[in-house]
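Enquirer:
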Amino acid sequence: MNDPRQAFGAVKLDDGKVLVIGGIGPYGSFPLVEEYDPATDTWTTKARMLTSRAFSPAIRMQDGRILVMGGSGETENLDSAELYDPKTDTWIQVRRMIDNRGLHDAILLDDGKVLVTGGTGLRGGALNTVEVYDPEKEDWFELASLQFHRGSHGSVRLHDGRILIAGGGDGAGTPVEQAEIYDPATGEWSSGGVMTTGRVALSLTLLNDGRVLAYGGEEFSSAEIYDPETNTWAELPEPGVPRQDHTATLLNDGRVLFAGGGLKQGTTEDTAEIFDPETDRFEPAGNMDAARVSHRSVLLNDGRVMVIGGAQRTGPYDTVEFYNPATETWVSDPFLGSWEKAAPLVQPRAGHTTTILDDGALLIAGGRARLDESDIQTLVDFIPATEIYNPSTGESRAVADMNDPRGGHIAAGLPGGRVLVAGGRQLVIDEEESRKITFIGTAEIYDPADDTWTQVADMTVARWAHTGIALADGTVMVVGGENDDGKVATAEVYDPDTDTWTEVSLMADGRSGHSMELLPDGRLMVAGGSGPTVEVYDFATRTWSLLPNLDQRLRDAAVGVLQDGTILVAGGFGSQGPSNSALVHMLGTTQWEYVDRLPEARVGSTMTLLDNGGILMLGGTGTTKAWIFDGTVGGWLYGGKMFDSRRDHTATLLPDGRVITIGGEARNRAINDSVEIYTPPQ
Numbered sequence: 297m298n299d300p301r302q303a304f305g306a307v308k309l310d311d312g313k314v315l316v317i318g319g320i321g322p323y324g325s326f327p328l329v330e331e332y333d334p335a336t337d338t339w340t341t342k343a344r345m346l347t348s349r350a351f352s353p354a355i356r357m358q359d360g361r362i363l364v365m366g367g368s369g370e371t372e373n374l375d376s377a378e379l380y381d382p383k384t385d386t387w388i389q390v391r392r393m394i395d396n397r398g399l400h401d402a403i404l405l406d407d408g409k410v411l412v413t414g415g416t417g418l419r420g421g422a423l424n425t426v427e428v429y430d431p432e433k434e435d436w437f438e439l440a441s442l443q444f445h446r447g448s449h450g451s452v453r454l455h456d457g458r459i460l461i462a463g464g465g466d467g468a469g470t471p472v473e474q475a476e477i478y479d480p481a482t483g484e485w486s487s488g489g490v491m492t493t494g495r496v497a498l499s500l501t502l503l504n505d506g507r508v509l510a511y512g513g514e515e516f517s518s519a520e521i522y523d524p525e526t527n528t529w530a531e532l533p534e535p536g537v538p539r540q541d542h543t544a545t546l547l548n549d550g551r552v553l554f555a556g557g558g559l560k561q562g563t564t565e566d567t568a569e570i571f572d573p574e575t576d577r578f579e580p581a582g583n584m585d586a587a588r589v590s591h592r593s594v595l596l597n598d599g600r601v602m603v604i605g606g607a608q609r610t611g612p613y614d615t616v617e618f619y620n621p622a623t624e625t626w627v628s629d630p631f632l633g634s635w636e637k638a639a640p641l642v643q644p645r646a647g648h649t650t651t652i653l654d655d656g657a658l659l660i661a662g663g664r665a666r667l668d669e670s671d672i673q674t675l676v677d678f679i680p681a682t683e684i685y686n687p688s689t690g691e692s693r694a695v696a697d698m699n700d701p702r703g704g705h706i707a708a709g710l711p712g713g714r715v716l717v718a719g720g721r722q723l724v725i726d727e728e729e730s731r732k733i734t735f736i737g738t739a740e741i742y743d744p745a746d747d748t749w750t751q752v753a754d755m756t757v758a759r760w761a762h763t764g765i766a767l768a769d770g771t772v773m774v775v776g777g778e779n780d781d782g783k784v785a786t787a788e789v790y791d792p793d794t795d796t797w798t799e800v801s802l803m804a805d806g807r808s809g810h811s812m813e814l815l816p817d818g819r820l821m822v823a824g825g826s827g828p829t830v831e832v833y834d835f836a837t838r839t840w841s842l843l844p845n846l847d848q849r850l851r852d853a854a855v856g857v858l859q860d861g862t863i864l865v866a867g868g869f870g871s872q873g874p875s876n877s878a879l880v881h882m883l884g885t886t887q888w889e890y891v892d893r894l895p896e897a898r899v900g901s902t903m904t905l906l907d908n909g910g911i912l913m914l915g916g917t918g919t920t921k922a923w924i925f926d927g928t929v930g931g932w933l934y935g936g937k938m939f940d941s942r943r944d945h946t947a948t949l950l951p952d953g954r955v956i957t958i959g960g961e962a963r964n965r966a967i968n969d970s971v972e973i974y975t976p977p978q
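In the working numbering, the protein residues as written are 297 to 978.
The structure is reproduced here in structure tokens:
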């Protein structure tokens, strides 16, 4: 999902998409709404509710609109209600309920009205009041009260149209054992028998044979069956796992899947079980990837069960899992891929470079580090330290230091397996022992054969926050950057055969903090940085030409090129601050086009073209979420969560198709030694 949440509403729409509504996020209840499309595996942000709410049922009306009512707001239980129209993506306020209520239940009646029962009142205390929403009259009407006060109960519509209410707590800490039945034809309540065990936060499921299965609640692993023919409850063999606030989903074959849940003492379950009404027995159904409580589940049109969000002690989730009854397996979102944490670096670093060597190992050079790694408030210094990381073994070893400490430099592979680094910044101490950061133009070459660094000719100008790329003829081109004179508009090419730097034609604009990509037609594109211009260098004519401008200056935006040559620019720091905009430009056209916005604004992310054609965007300010841009739909797929936040990191496509991200600065300003590897979906 775009936003982590628990205690939310979830409902399948008429077109098979899933709408997720409100809930509790990291900072309390919120009004955020998003929609999942199983056909494309994409989440789309939808119009917000008018009121923040959690623990509110979501009911799909007969006309396809969604009714939400009550729930817990920011300070108290609510009486407000609103309707969502999926066709227009709009919310409208409807009449307020008669009572404020949370932890209530709601169910659609055969005549299209919505029955709301019990719950807790304005500031707590279980209710026995009942009301019904009439969509034709657009109003609420009070009905006869329940015989027992109850909240956190369940309700199901029996085959004859009557409503069974069971379980819940009476507000004084006592589970309610007595069940009740509402008859819409008479408007009266009658006894629904006495449960074998009172249950709070249970699940109540109508089986295809007309019976009702009650499972879990509080500390109970027991389950029982209600038979409407005899109006009696009978206990079943114990499933074996106590659970409350779990999910129960009726499968297409008539079995019931139970997943997750928690206990009073705070433990959370990742287990699942399936109940078979033909044998009245439970069988294990594997384990989810994540233990979760206060989550939701939806049966998709293809027969899979989608389990959404929820929470553990660490807070709410944004993750999704799917259970496939046909294969009896759980999978995380199959389009996500997976993240794994690898062995750490020898030296924490940010603003470094990572270069693939001929043997597949990675040369990690320079960057900045804290003078005292145990204290994130200490000053930063630029380092000459270098190490080689082996993705196959997950081991990193220190190798010879560079001649110059540096960060914000470039690195590029040379023929023979050597690596060129050039430019950057370093820290110097002047005669008055004052610290000063200076721009440098020095360059040096690493030879892995003998583990040596050799100083080579300086660039024509010092530069930092520039870009560099190895060209097919064995030379290296360096573009833009920043130095004491400001933004740099020059570009130059290093020839290792002659150890010389040669300037090429000037760009139209000086720029730093930009991105540079090689286009499929062999030209070189630079975008972002200090202005809105985008330029392309043609090696045949040795000239720069302008592409259509971006609509704003975007510094530290992420830039990628799709397999068909389409240029993607997303995020960055724009005129209004951090941006979540995303634009594409197809070569040969005269403008940029907006595509789906990023679900969150970010600055300093990296983009990596995957072998499957998607672009992986990761890192940046204050986030661990990764996103994959799918050019076929022009939208973003959730790419899972990294273990660590990072910016000024590197992201490198490995020969086996995985992506490795190394180092960077965390959101708390600590310098990372962490290494993570992303495996794309197969």
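From the three backbone atoms N, C-alpha and C, an ideal C-beta is built for every residue, glycine too.
V855 and L864 - do their beta-carbons sit closer together than 8 Å?
Expert: yes
Enquirer: What is the residue span of the beta strand (DSSP E) that L315 lies within?
Expert: Taken as a continuous stretch (DSSP letters only), the beta strand (DSSP E) holding L315 covers 314-317.
Enquirer: CB-CB under 8 Å to G873, same chain, minus the five flanking residues each way: which ones, in chain order?
Expert: A897
Enquirer: Using a 10 Å radius around the Cβ and a threshold of 16 neighbouring Cβ atoms, would you call Y511 buried or exposed?
Expert: buried
Enquirer: Do the segment 645-659 and the segment 351-364 touch if we need at least three Cβ pairs shorter than 8 Å?
Expert: no
Enquirer: In chain order, what residues of the same chain have a beta carbon less than 6 Å from the beta carbon of N620, not counting five sequence neighbours either side?
Expert: R600
Enquirer: Taking the beta carbon of F678 as the centre, do at least 16 other beta carbons fall within 10 Å, making it buried, or is it exposed?
Expert: buried
Enquirer: So the beta strand (DSSP E) Q389 belongs to, where does it begin and stop?
Expert: For Q389, the uninterrupted beta strand (DSSP E) segment begins and ends at 386-390.
Enquirer: Beta-carbon within less than 6 Å of Y478's beta-carbon, same chain only, minus the 5 sequence neighbours each way: which residues are those?
Expert: I459, W485
Enquirer: Could you pull the DSSP bridge partners for F571 from this structure?
Expert: V552, F578
Enquirer: Cα-Cα, which of P828, D817, L894 is closest to V857?
Expert: D817
Enquirer: Provide the residue span of the beta strand (DSSP E) that contains L864, from first to last.
Expert: Unbroken beta strand (DSSP E) run through L864: 863-866.
Enquirer: Which of helix, strand or coil does DSSP assign to P322?
Expert: coil
Enquirer: Going by C-alpha to C-alpha distance, which of E476, G447, E617 sits closest to A468?
Expert: The shortest C-alpha separation from A468 is found at G447.
Enquirer: Helix, strand or coil for P711, going by three-state DSSP, please let me know.
Expert: helix
Enquirer: With a threshold of 8 Å, are at least 3 pairs of Cβ atoms found where one atom belongs to the segment 799-817 and the other to the segment 758-768?
Expert: yes
Enquirer: Give the single residue among R419, P480, I388, D337 whose Cα lies nearest to the Cα of D395.
Expert: R419
Enquirer: If we ignore side chains and look at the alpha-carbon of each, how far apart do D834 and G776 end up?
Expert: 16 Å
Enquirer: Look at the Cβ atom of S871, then the Cβ atom of R893, and state whether they are nearer than 8 Å.
Expert: no
Enquirer: Residues in its own chain within less than 6 Å of P353 by CB, not counting five upstream and five downstream?
Expert: A402
Enquirer: Apply the 10 Å Cβ neighbour rule to N597 and answer buried if 16 or more other Cβ atoms are within range, or exposed otherwise.
Expert: exposed
Enquirer: With DSSP collapsed to three states, give me the class of N298.
Expert: coil
Enquirer: Note down the Cα distance separating M903 from G690, rounded to an integer number of angstroms.
Expert: 23 Å
Enquirer: Which of the three DSSP states, helix, strand or coil, is assigned to H400?
Expert: Looking at H400 - three-state DSSP - the assignment turns out to be coil, as it is neither helix nor strand.
Enquirer: Skipping 5 residues on each side, what residues in its chain have a beta carbon closer than 7 Å to that of S590?
Expert: Q302, A303, D541, G606, A607
Enquirer: Can you check which of these residues, A739, M393, I604, is closest to P300 by C-alpha distance?
Expert: I604
Enquirer: Report buried or exposed for F437, applying the criterion of at least 16 other Cβ atoms within 10 angstroms of its Cβ.
Expert: exposed
Enquirer: Work out the CA separation of T545 and G312 for me, nearest whole Å.
Expert: 16 Å
Enquirer: Could you give the DSSP three-state label for M365: helix, strand or coil?
Expert: The answer is strand: DSSP assigns M365 an E or B state.
Enquirer: Using the three-state DSSP reduction, which class does M821 fall into: helix, strand or coil?
Expert: strand
Enquirer: On the premise that D407 lies in contact with P480, defined as a C-beta separation below 8 Å, what is that separation, rounded to the nearest angstrom?
Expert: Cβ atoms of P480 and D407 come within 8 Å of each other, at about 7 Å.
Enquirer: Go to T948, then tell me how far its beta strand (DSSP E) extends in each direction, as first and last residue.
Expert: 946-949
Enquirer: In chain order, what residues of the same chain lie with their CB nearer than 6 Å to the CB of G916, ignoring the 5 residues before and after it?
Expert: R898, V899, G900, S901, R943
Enquirer: How many angstroms separate the CA atom of M803 from the CA atom of V830?
Expert: 10 Å
Enquirer: Among residues of its own chain, excluding the 5 on either side of E565, which ones have a beta-carbon nearer than 6 Å to its beta-carbon?
Expert: Contacts found: R539, G556, G557, A587.
Enquirer: Using CA atoms only, rank isn't needed, just tell me which of T526, T948, R731, S801 is closest to A280.
Expert: Since the displayed the chain opens at 297 and closes at 978, residue 280 lies outside it and no answer follows.
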